[in-house]
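For reference, the structure is listed below as structure tokens.
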Amino acid sequence: MASWMVHLRIADKLLDRIKDLDETAFVMGNIAPDSGVPNENWTEFHPPKVVSHFKTKADDETFFDVEEFCDKYFNEELIGSYSKKEYSFFLGYYVHLLTDIDWTNDVYCGLLKAYPKEAAQDKNKLVWTAKGDWYDIDFLYLEEHPDFRAFHIYESAVDYDNEFMDIFSKDAFENRRQYICGFYRSDNHGELHRNYTYLTPEQSADFVDRTVQKILTQKYL
195 MASWMVHLRI ADKLLDRIKD LDETAFVMGN IAPDSGVPNE NWTEFHPPKV
245 VSHFKTKADD ETFFDVEEFC DKYFNEELIG SYSKKEYSFF LGYYVHLLTD
295 IDWTNDVYCG LLKAYPKEAA QDKNKLVWTA KGDWYDIDFL YLEEHPDFRA
345 FHIYESAVDY DNEFMDIFSK DAFENRRQYI CGFYRSDNHG ELHRNYTYLT
395 PEQSADFVDR TVQKILTQKY L
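Start counting the sequence shown at 195; every next residue gets the next number (the working numbering).
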């Protein structure tokens with residue numbers, strides 16, 4: 195699934211295209227699905243991704259049940275009853291799921307197809323190796339865009355309580371915000387100005403632009 199910085203980059207572009215949103219709620223919604231509490235090696239989460247990401251088909255890792263999400267949280271009747279804050283949050287959550295669908299199909303599945311031998315030998319190792327590129331591109335983007343709006347909105351949302359979904363604890367979003375901001379403010383990355391093997395900065399930017407355009411065609415926007 196897409197990195198946190200990719201989600202924030204998409205949220206930032208959508209803030210320019212979708213008017214009258216609660217910016218903080220929208221940005222928080224774009225990260226909210228990743229607010230599950232991880233185990234020690236980040237292989238399991240509470241709530242599990244089958245719940246937070248509506249991955250209801252165990253045998254299909256590319257499937258996210260967006261329709262189930264909309265039925266529960268983002269249908270026309272509910273949207274009509276939501277405050278601006280609630281609508282913005284759930285729209286952000288919706289955008290996150292749509293982004294993860296495209297990332298899974300384009301980047302993740304593309305990686306497995308490009309490296310079939312490595313994927314057959316140890317798929318998890320291949321993915322974690324590729325994540326070295328994915329996250330370093332995030333750090334590079336933040337280095338090149340120190341005033342990046344969506345990240346600053348997210349970083350400034352101190353003590354933002356979950357008042358939207360009972361699948362997460364009240365402090366889940368704040369706990370995840372602290373972790374993510376601490377991660378991106380750290381030196382926990384490789385050499386940023388290098389040749390990238392599994393994903394390039396240009397490919398990442400292209401993914402963001404294509405996904406934004408696709409999302410803007412979706413229902414409820």
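A virtual CB, placed ideally from N, CA and C, is assigned to each residue, including glycine.
All values derive from a computational prediction rather than experimental measurement.
Whether residue i touches residue j by CB criterion (8 Å)
i      : j      : result
Asp365 : Asp355 : yes
Glu262 : Phe284 : no
Ala324 : Leu336 : no
Ser246 : Ile361 : yes
Leu386 : Phe342 : no
Phe345 : Ser229 : no
Tyr288 : Phe268 : yes
Ile331 : Pro395 : yes
Val402 : Ile212 : no
Cys375 : Glu349 : yes
Tyr302 : Leu320 : no
Val244 : Thr237 : no
The alpha helix (DSSP H) enclosing residue i, as first and last residue numbers
i      : result
Gly304 : Cys303 to Ala308
Asp254 : Here Asp254 belongs to no alpha helix (DSSP H), and DSSP marks it neither H nor E.
Asp296 : Lys278 to Trp297
Trp198 : Trp198 to Arg211
Arg371 : Ala366 to Tyr378
Leu272 : Glu270 to Ser275
His346 : Arg343 to Ser350
Arg404 : Pro395 to Ile409
Lys243 : Lys243 to Ser246
Glu385 : Counting along the chain, Glu385 falls outside any alpha helix (DSSP H), and DSSP gives it neither H nor E.
Thr237 : Note, Thr237: premise wrong, no alpha helix (DSSP H); not H, not E.
Ile225 : Glu217 to Ile225
Buried or exposed (CB count within 10 angstroms, at least 16 for buried), residue i
i      : result
Thr405 : buried
Pro232 : exposed
His290 : buried
Arg293 : Checking the sequence shown, residue 293 turns out to be Thr, not Arg. By the neighbour-count rule (16 or more Cβ atoms within 10 Å), Thr293 is buried.
Gly384 : exposed
Cys264 : buried
Pro227 : buried
Trp297 : buried
Ser398 : buried
Gly286 : buried
Asp210 : exposed
Glu206 : The question names Glu, but residue 206 is Asp in the sequence shown. The residue is buried, with at least 16 neighbouring Cβ atoms inside 10 Å.
Arg388 : exposed
Arg370 : buried
Inter-residue CB distance, residue i and residue j (contact presumed, cutoff 8 Å)
i      : j      : result
Ile225 : His201 : 6 Å
Lys279 : Ala196 : About 24 Å separates the two Cβ atoms, so there is no contact after all.
Asp300 : Thr391 : Not a contact, Cβ separation roughly 17 Å.
Lys282 : Asp216 : Note that residue 282 corresponds to Ser in the displayed sequence, not to Lys. Right, their Cβ atoms sit about 4 Å apart.
Met199 : Ala351 : Incorrect: roughly 16 Å between the Cβ atoms, too far for contact.
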